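Single-structure report; data block below.
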Ligand code: AMP
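In our numbering, the protein residues as written are 5 to 199.
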């Protein structure tokens, strides 16, 4: 099963992806995590993307498509992946469909964490200091929202037209969101069913 967790920055995609990894045995593929790891390692890629990321802009499609492609054998072995923060542009979405199709797979469901932008800004405002992320500050966060609305939100009709889009209330608490995601997936994972 291949899932996309979709939504603006700080909507809770990473938190929910990690829970799905535990309950469903899938792997999480977060291009943001991969890029932060590249920066931390001091690699050429890390040096190339550091400034772009700290401003809250998107790195090129080519870079992130390449990062995802490298990981797809691991996703095959796990029985699928949760894509977190990817795709973020139409070109990325098309590339992902093509890469999965070549491997005999497809995206099964796109779970959109729906959040109110004003409430989201209020929710994250208090957390900037403690996050430790270079792009968690008011200016970069504002730019990340601009990039989401300009480049990423247009993917919603792309997936809606394929009948794959499910909306979840991302303003609920973590457990509430998890419950709605489980519902969208047809019920709790078997190992999780009695909790
Ligand atoms: P995230 O952790 O998903 O919020 O990503 C943090 C930052 O990494 C973003 O603001 C972008 O600069 C970059 N990034 C992560 N994923 C992508 C992507 N799919 N396309 C372009 N840039 C990305």
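Where a beta carbon is used, it is the ideal one built from N, C-alpha and C, also for glycine.
Keep in mind the model is a prediction, meaning the values are calculated, not measured.
Give a yes or no on whether the C-beta atoms belonging to residue 13 and residue 152 are separated by under 8 Å.
-> Here residue 13 is taken as the residue at index 9 of the chain shown, counted from 1. Here residue 152 is taken as the residue at index 148 of the chain shown, counted from 1. Yes, Cβ-Cβ distance for residue 13 and residue 152 is below 8 Å.
By Cβ distance below 7 Å, which residues in the same chain neighbour residue 155 in space, the five residues on each side in sequence not counted?
-> If you number the chain shown from 1, residue 155 lands on position 151. Hits under 7 Å: 62, 92 and 93.
Grouping DSSP H, G and I as helix and E and B as strand, with all else coil, what is residue 45?
-> Position 41 of the chain shown, counted from the first residue, corresponds to residue 45. Helix at residue 45.
Quick one: grab the DSSP three-state call for residue 168.
-> One-based indexing of the chain shown puts residue 168 at position 164. Coil at residue 168, not helix or strand.
Length of the line joining the Cα atoms of residue 149 and residue 6 | One-based indexing of the chain shown puts residue 149 at position 145. One-based indexing of the chain shown puts residue 6 at position 2. If you take the alpha carbons of residue 149 and residue 6, they lie about 25 Å apart.
Is residue 96 near the ligand AMP, in the sense that its beta carbon is under 7 Å from a heavy atom of that ligand?
-> The residue given as residue 96 occupies position 92 in the chain shown. Checking the Cβ of residue 96 against the ligand AMP gives yes.
Between residue 19 and the ligand AMP, is the CB less than 7 Å from at least one heavy atom?
-> In the chain shown, residue 19 corresponds to position 15, counting from 1. No, the Cβ of residue 19 stays beyond 7 Å of every heavy atom of the ligand AMP.
Going by Cα to Cα distance, which pick from 11, 8, 80 and 24 is closest to residue 182?
-> The count along the chain shown starts at 1 and reaches residue 182 at position 178. Considering only alpha carbons, the answer is 24.
Cβ neighbour criterion (16 or more within 10 Å) applied to residue 47 = Translated into positions along the chain shown, residue 47 becomes position 43. Around the beta-carbon of residue 47, fewer than 16 other beta-carbon atoms lie within 10 Å, marking it exposed.
Do residue 57 and the ligand AMP come close, with the Cβ less than 7 Å from some heavy atom?
-> Residue numbering aside, residue 57 sits at position 53 when the chain shown is read from its first letter. Yes, the ligand AMP has a heavy atom inside 7 Å of this Cβ.
With C-beta atoms as the reference, is residue 171 less than 8 Å away from residue 127?
-> Here residue 171 is taken as the residue at index 167 of the chain shown, counted from 1. Here residue 127 is taken as the residue at index 123 of the chain shown, counted from 1. Judged by beta-carbon spacing, residue 127 lies beyond the 8 Å limit of residue 171, meaning their Cβ atoms are not closer than that value.
Which partner residues of residue 116 appear in the DSSP bridge assignment?
-> Residue numbering aside, residue 116 sits at position 112 when the chain shown is read from its first letter. Here residue 116 is bridged, per DSSP, to 10 and 171.
Check each candidate in 158, 87, 82 and 105 and name the one with the smallest Cα separation from residue 37.
-> For this step, residue 37 is matched to residue 33 along the chain shown. Taking only the C-alpha atoms, the option nearest residue 37 is 87.
State yes or no: is the C-beta of residue 3 nearer than 7 Å to some heavy atom of the ligand AMP?
-> Nothing about residue 3 can be read from this structure; the chain reaches only from 5 to 199.
7 Å CB neighbourhood of residue 147 in its chain, flanking five on each side removed = Residue mapping note: residue 147 aligns to position 143 of the chain shown, counting from 1. Excluding residues within five positions, the ones whose Cβ falls inside 7 Å are 59, 60 and 61.
Note down the Cα distance separating residue 104 from residue 139, rounded to an integer number of angstroms.
-> Within the chain shown, the letter at position 100 stands for residue 104. Within the chain shown, the letter at position 135 stands for residue 139. Roughly 30 Å separates the two Cα atoms.
First through last residue of the alpha helix (DSSP H) which encompasses residue 33 = Position 29 of the chain shown, counted from the first residue, corresponds to residue 33. Note, residue 33: premise wrong, no alpha helix (DSSP H); beta strand (DSSP E) at 31-34.
Do you know how far the Cα of residue 185 is from the Cα of residue 113?
-> Residue numbering aside, residue 113 sits at position 109 when the chain shown is read from its first letter. Residue numbering aside, residue 185 sits at position 181 when the chain shown is read from its first letter. Using only the alpha carbons, I get a separation of about 11 Å.
Which one of 19, 74 and 102 has the shortest CA to CA distance from residue 111?
-> For this step, residue 111 is matched to residue 107 along the chain shown. Minimum Cα-Cα distance from residue 111 among the listed residues 19, 74 and 102 corresponds to 102.
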